[in-house]
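To keep things clear, I will list the structure first and then write my remarks on it.
See the structure below:
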């Protein structure tokens, strides 16, 4: 990827139906992981022709490596595999969440982990090498977009869900996908 080539992040969007379900996730949050792990089944249940699923990344500072991990996911979305590469990184974080988090958000084994070591873990677990786009300064535009979009919608916690343009504070990661589907299709 040449530095002179414009950096394009593939939107984290699946499906093409009229009903829109947006999910704001912090990749290392256990509740976000629970929600993320249900999204493929939800899309299959509702149908790609009936719903559009949009993942929005909600970096949260109490998840100490949140910014670093969000940047790597978005860097992955700029690769030729686009959103599929980003999804692989999201799944790798979900599958190895504790290796990317601090105990009680303040201590534990990751106190000695460097940002470079975290990036190497992301690459090793996902099989996605997004190091080159990660270093591109203009990637911050995509990161800032996710942040601004969350703020404009009053998103503070993860996961948060928006169905058809309205924040749904009563939908949670512990809900079954059938109840999510019912809300989306209402």
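Residue numbers (our numbering): 1 to 186.
From the three backbone atoms N, C-alpha and C, an ideal C-beta is built for every residue, glycine too.
In terms of residue numbering, what span does the beta strand (DSSP E) encompassing residue i cover?
i: residue 97; result: Segment: none, residue 97 is in no beta strand (DSSP E) and carries neither H nor E.
i: residue 20; result: 19-25
Expressed to the nearest angstrom, what Euclidean distance is found between the alpha-carbon atoms of residue i and residue j?
i: residue 178; j: residue 20; result: 16 Å
i: residue 110; j: residue 71; result: 18 Å
i: residue 51; j: residue 104; result: 36 Å
i: residue 121; j: residue 39; result: 24 Å
i: residue 253; j: residue 153; result: With the chain covering 1 to 186 only, the question about residue 253 has no answer from this structure.
i: residue 137; j: residue 176; result: 40 Å
i: residue 1; j: residue 186; result: With a pLDDT of only 45 at residue 1, under 50, the local geometry of the prediction cannot be trusted, and no value is derived from it.
i: residue 37; j: residue 60; result: 20 Å
i: residue 62; j: residue 146; result: 18 Å
i: residue 167; j: residue 117; result: 36 Å
i: residue 94; j: residue 112; result: 21 Å
i: residue 148; j: residue 5; result: 25 Å
i: residue 155; j: residue 165; result: 13 Å
i: residue 53; j: residue 41; result: 12 Å
Looking at residue j and residue i, is the spacing between their C-beta atoms short of 7 Å?
i: residue 88; j: residue 128; result: yes
i: residue 84; j: residue 173; result: no
i: residue 58; j: residue 99; result: no
i: residue 28; j: residue 101; result: yes
i: residue 125; j: residue 96; result: yes
i: residue 114; j: residue 9; result: no
i: residue 14; j: residue 45; result: no
i: residue 163; j: residue 143; result: no
i: residue 49; j: residue 82; result: no
Kindly indicate the opening and closing residues of the alpha helix (DSSP H) around residue i.
i: residue 155; result: Premise fails: residue 155 is in no alpha helix (DSSP H) and is neither H nor E.
i: residue 40; result: 39-46
i: residue 67; result: 66-76
i: residue 60; result: Per DSSP, residue 60 belongs to no alpha helix (DSSP H) and is neither H nor E.
i: residue 133; result: 131-134
i: residue 115; result: 115-126
Can you list, in chain order, the residues of its chain with a C-beta nearer than 7 Å to that of residue i? Leave out the 5 residues immediately preceding and following it.
i: residue 55; result: 12, 23, 25
i: residue 92; result: 122, 125, 126
i: residue 31; result: 158, 159, 173
i: residue 150; result: 24, 56, 58
So what does residue i bridge to, in DSSP terms?
i: residue 13; result: 54
i: residue 33; result: Residue 33 pairs with nothing; no bridge assigned.
i: residue 162; result: 22, 167
i: residue 28; result: In the DSSP output, where bridge partners are listed per residue, residue 28 has none listed.
i: residue 103; result: 107
Quick one: what's got a C-beta closer than 8 Å to residue i's C-beta in the same chain, skipping five residues either side?
i: residue 139; result: 7, 9, 71, 74, 75, 78, 133
i: residue 119; result: 68, 72, 131, 134
i: residue 169; result: 160
In chain order, what residues of the same chain lie with their CB nearer than 6 Å to the CB of residue i, ignoring the 5 residues before and after it?
i: residue 181; result: 45, 46
i: residue 141; result: none
i: residue 171; result: 161
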